[in-house]
Amino acid sequence: QVQLVESGGGLVQPGGSLRLSCAASGSIFKFNVMGWYRQGPGKERELVATITTGGTTDYGDSVKGRFTISRESAKNTVYLQMNSLKPEDTAVYYCNIKTPLNYWGQGTQVTVSS
432 QVQLVESGGG LVQPGGSLRL SCAASGSIFK FNVMGWYRQG PGKERELVAT
482 ITTGGTTDYG DSVKGRFTIS RESAKNTVYL QMNSLKPEDT AVYYCNIKTP
532 LNYWGQGTQV TVSS
C-alpha cells in the first residue's frame, strides 16, 4: 500500500502563484512515476504533469510554460510550482504515483479568482 499526502492548495488571484507538495510513503518501488492531475467543475480528470525517478517530465498542453514539476526522489516527494495562474486552472488537484500500481491522493482545491 502507498499513501499520498498533498498540501499547498488555496485561493489565489489571476496571475498569481502557488506551490503544491505531495509526499508518498509505503511500498514504493525504486523506479516510479509521480505526478499531478486535476479535475475542474464539470470536467474530466486531466494530466497536469508527471516526472519519473530519472527526471523525465511530461506536461499537459494547457500548463506548458507556466507550471514546473520537480521531485526529491530520496523523500518520495513531488512538487508543482504553478505560475501565471488563470481562472481556468481552478480545479481539485490530485497527486498520483505509479509504483507500478496507481495510487491517488485525496486532492487539494486550487481556486483562481479575483
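Read in order, the letters of the sequence shown correspond to residues 432 to 545 in my numbering. In this text, a Cβ means the ideal position worked out from N, Cα and C, and glycines have one as well.
{"Item": "Using only the alpha-carbon positions, how far apart do residue 486 and residue 501 sit?", "Value": "8 Å"}
{"Item": "What do you reckon, are the CB atoms on residue 542 and residue 451 nearer than 8 Å?", "Value": "no"}
{"Item": "What does DSSP give as the partner residues of residue 470 in its beta bridges?", "Value": "523"}
{"Item": "Report the option in 458, 509, 475 whose CA atom is closest to the CA atom of residue 432.", "Value": "458"}
{"Item": "Can you tell which of 474, 479, 447 has the C-alpha that lies nearest to the C-alpha of residue 514?", "Value": "447"}
{"Item": "Can you give me the Cβ contacts of residue 468 inside the same chain, cut-off strictly under 7 Å, excluding the 5 residues immediately before and after it?", "Value": "476, 477, 478, 479, 525, 527"}
{"Item": "In three-state DSSP terms, what is residue 529?", "Value": "strand"}
{"Item": "With residue 464 and residue 488 assumed to form a contact (beta carbons below 8 Å), what rounded beta-carbon distance in angstroms separates them?", "Value": "Not quite, the Cβ-Cβ distance comes to about 10 Å (not below 8 Å), so this is no contact."}
{"Item": "If residue 453 and residue 508 are in contact, beta carbons under 8 Å, what's the gap, nearest whole angstrom?", "Value": "7 Å"}
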